Amino acid sequence: MKIRMGFTRFIAVSLVIAASVALFGCTSEEPERESVTVELDWYPNANHSGFFVAQDQGYFDEENLDVDVRPPADPALVAQIVASNERDFGVFYQTDTLLARN
């Protein structure tokens with residue numbers, strides 16, 4: 000009898016927790032769209048296809064993102080452009096990261 004009451008209590012608590020978690024994920028508000036800019040390391044090519052596939056398939060829209068992918072005016076300056084907050088993200092060579100540390 001004690002085991003059955005303990006099990007019943009365990010099930011009840013588990014259901015309350017599961018319902019709380021499920022309801023916690025329900026919101027009535029649509030999250031704000033966020034705009035971000037990405038500076039590429041070179042003119043668009045196969046290395047950047049992930050950005051364009053995500054735009055085409057609506058993956059950015061699903062996450063409420065407006066992503067502006069831009070080719071660089073000067074590929075050598077992408078790290079500096081991101082560091083100066085002119086762009087939110089940048090694609091650049093690994094050596095540029097090491098050089099930027101100095």
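Under numbering that gives the first Met the number 0, the first residue of the sequence shown is numbered 0, with each subsequent residue one higher. Even glycine gets a Cβ: it sits at the ideal position worked out from N, Cα and C. These numbers were taken from a predicted model, which means no experiment stands behind them.
Residue i classed as buried or exposed, judged by whether at least 16 other C-beta atoms fall within 10 angstroms
i: residue 85; result: exposed
i: residue 61; result: exposed
i: residue 35; result: exposed
i: residue 39; result: buried
i: residue 89; result: buried
Alpha helix (DSSP H) segment containing residue i, residue limits
i: residue 95; result: 93–100
Strand pairing of residue i, partner residues [DSSP]
i: residue 89; result: 38
i: residue 33; result: 64
For residue j and residue i, the rounded distance between their alpha carbons
i: residue 71; j: residue 32; result: 25 angstroms
i: residue 54; j: residue 83; result: 26 angstroms
i: residue 49; j: residue 43; result: 11 angstroms
i: residue 45; j: residue 28; result: 37 angstroms
i: residue 81; j: residue 92; result: 13 angstroms
i: residue 16; j: residue 30; result: 25 angstroms
Original post:
Which ranges does the beta strand (DSSP E) cover as unbroken runs of at least 3 residues, wholly within the region 53–81, from first to last along the chain?
Top reply: Within the region 53–81, the runs of beta strand (DSSP E) at least 3 residues long that lie entirely inside it are, in chain order, 64–69.
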